[in-house]
Amino acid sequence: NAGVTQTPKFRILKIGQSMTLQCTQDMNHNYMYWYRQDPGMGLKLIYYSVGAGITDKGEVPNGYNVSRSTTEDFPLRLELAAPSQTSVYFCASSQSPPPPGAGNTIYFGEGSWLTVV
Amino acid sequence: LAKTTQPISMDSYEGQEVNITCSHNNIATNDYITWYQQFPSQGPRFIIQGYKTKVTNEVASLFIPADRKSSTLSLPRVSLSDTAVYYCLVLGGSQGNLIFGKGTKLSVKP
């Protein structure tokens, strides 16, 4: 059971380049999320999606774009990479609303390390 | 998603019991209190969840008073490997704007 899969795991970008971080989940979850985490800091929500075709901004959406054409996939696009976007990116998914007392309902990918130079 | 408040950081020594308290004054009737643990360079992982009174599993205990406006995560006899960030979340209804906050950074020293 794969869960949440992110690619690539590591990437170095030059300033101004574009790239897409891929995220796919095989649990048929309706909700998906993208977070970034700078060194020593907490998770910051970039964008989220409550279902295919629906996306919304989180805490720090500037410089990013997302799409949700299928339930499984939620790619994150960086159009003009900047050094401030150097971070670790985590994709997550959940079933919402969660069944009462379901225990763990949020599943994370292993992270994507992005460096912009 | 109900707002939560927890200490930014805590220090402890190996073998001690650590209690991390989280306040959630606006918790709703159908909300569950959920704690996640995050090690460096990894995504958060589920530790424990509770609705009221006390819940215990192999990793931790969770104490929730009758008014449910706060909760305490208890880690018995911590070791160096418990050094991590601990997040308190109140989950129940729609989880769209799922904000984790800063969490509590626990440092366990030898």
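Quick mapping for you: the protein sequence lines, in order, are chains B and P.
Numbering follows the numbering used here, in which position 108 of the first sequence is assigned residue number 113; successive positions increment by one, without gaps.
Numbering follows the numbering used here, in which position 55 of the second sequence is assigned residue number 115; successive positions increment by one, without gaps.
Think of the CB as a built atom: it goes at the ideal place given N, C-alpha and C, for glycine as much as any other residue.
> Can you give the Cα-Cα distance for Ser74 (chain B) and Ile59 (chain B), rounded to whole angstroms?
Replying inline: As a first step, residue 74 (chain B) is located in the first sequence; it is residue number 69 there, counting from the start. As a first step, residue 59 (chain B) is located in the first sequence; it is residue number 54 there, counting from the start. Each residue's Cα considered, the two are about 9 Å apart.
> What are the start and end residues of each continuous alpha helix (DSSP H) run of 4 or more residues lying completely inside the segment 67-117 of chain B, in chain order?
Replying inline: With a minimum length of 4 residues, no continuous alpha helix (DSSP H) run stays inside the segment 67-117 of chain B.
>> Along the segment 38-53 of chain B, where does the CB come closer than 7 Å to a CB of chain P? Name the residues.
In response: Those would be Tyr38, Gly47, Leu48, Leu50, Tyr53, in chain order.
>> Is there a Cβ of chain P sitting closer than 8 Å to that of Asn109 (chain B), yes or no?
In response: Here the question's residue 109 (chain B) lines up with position 104 in the first sequence. Yes, Asn109 (chain B) counts as interfacial toward chain P.
>> Once DSSP output is grouped into helix, strand and coil, what is the label at Leu26 (chain B)?
In response: Stepping through the first sequence from its first residue, residue 26 (chain B) is reached at position 21. In this structure, Leu26 (chain B) counts as strand in the three-state DSSP scheme.
> Tyr73 (chain P) to Thr113 (chain P), Cα distance in whole Å?
Replying inline: By 1-based counting over the second sequence, the position of residue 73 (chain P) is 13. By 1-based counting over the second sequence, the position of residue 113 (chain P) is 53. Between Tyr73 (chain P) and Thr113 (chain P), the C-alpha separation is close to 27 Å.
>> My output table needs one value for Asp142 (chain P): the three-state DSSP class, helix, strand or coil.
In response: Walking along the second sequence from the start, residue 142 (chain P) turns up at place 82. In the structure shown, Asp142 (chain P) sits in a helix (DSSP, three-state: H, G or I).
>> Counting C-beta neighbours from all protein chains within 10 Å, is the total for Met37 (chain B) 16 or more, i.e. buried, or is it exposed?
In response: By one-based count along the first sequence, residue 37 (chain B) stands at place 32. Classified as buried, Met37 (chain B) has 16 or more neighbouring CB atoms from the shown chains inside 10 Å of its CB.
> Can a CB atom of chain B be found closer than 8 Å to the CB of Gln66 (chain P)?
Replying inline: For the purposes of this step, residue 66 (chain P) is taken as the residue at position 6 of the second sequence. Chain B has no Cβ within less than 8 Å of the Cβ of Gln66 (chain P).
> Residues of chain P with a CB under 8 Å from the CB of Gly152 (chain B): which are they?
Replying inline: Nothing can be reported for residue 152 (chain B): it is not among the residues displayed for chain B, which extend from 6 to 122.
>> Taking 8 Å as the limit between beta carbons, can you name the residues of its chain near Phe113 (chain B), skipping five residues before and five after?
In response: Against the first sequence, residue 113 (chain B) aligns to sequence position 108. Cβ neighbours of Phe113 (chain B) beyond the five flanking positions: Val9, Phe95, Cys96, Ala97.
> Could you give the distance in angstroms between the alpha-carbon of Ala7 (chain B) and the alpha-carbon of Asn33 (chain B)?
Replying inline: The sequence position of residue 7 (chain B) within the first sequence is 2, counting from 1. The sequence position of residue 33 (chain B) within the first sequence is 28, counting from 1. Each residue's Cα considered, the two are about 12 Å apart.
> Leaving out the 5 sequence neighbours to the left and right, which residues in its chain are closer than 6 Å to Thr76 (chain B) when beta-carbon positions are compared?
Replying inline: Position 71 of the first sequence, counted from the start, is the residue given in the question as residue 76 (chain B). Cβ-Cβ distances below 6 Å link Thr76 (chain B) to Ala57 in the same chain, with the five nearest sequence neighbours on each side left out; the list follows chain order.
> DSSP on Ser101 (chain P), reduced to helix/strand/coil?
Replying inline: Here residue 101 (chain P) refers to the residue found at position 41 when the second sequence is read from its first residue. Residue state, collapsed to three classes: coil.
> By the criterion of Cβ-Cβ separation under 7 Å, what are the contact partners of Val55 (chain B) in chain P?
Replying inline: Reading the first sequence from its first residue, position 50 is the one you call residue 55 (chain B). Correct list: Gly156.
>> Quick check on Gln76 (chain P): does DSSP put it in helix, strand or coil?
In response: Taking the second sequence and counting its residues from 1, one reaches residue 76 (chain P) at position 16. Note: Gln76 (chain P) maps to coil in three-state DSSP.
>> Taking only three categories from DSSP, how would you classify Phe123 (chain P)?
In response: Translated into the one-based positions of the second sequence, residue 123 (chain P) becomes position 63. Correct three-state label for Phe123 (chain P): strand.
> Quick one, which residues of the segment 71-105 of chain B are near chain P if we go by CB-CB under 8 Å, in chain order?
Replying inline: Among the residues of the segment 71-105 of chain B, those with a Cβ less than 8 Å away from any Cβ of chain P are Val93, Phe95, Ala97, Ser99, Ser101, Pro102, Pro103, Pro105, in the order of the chain.
> Name the chain B residues that come within less than 7 Å of Pro104 (chain P), Cβ to Cβ?
Replying inline: By 1-based counting over the second sequence, the position of residue 104 (chain P) is 44. Within chain B, the residues near Pro104 (chain P) are Phe113.
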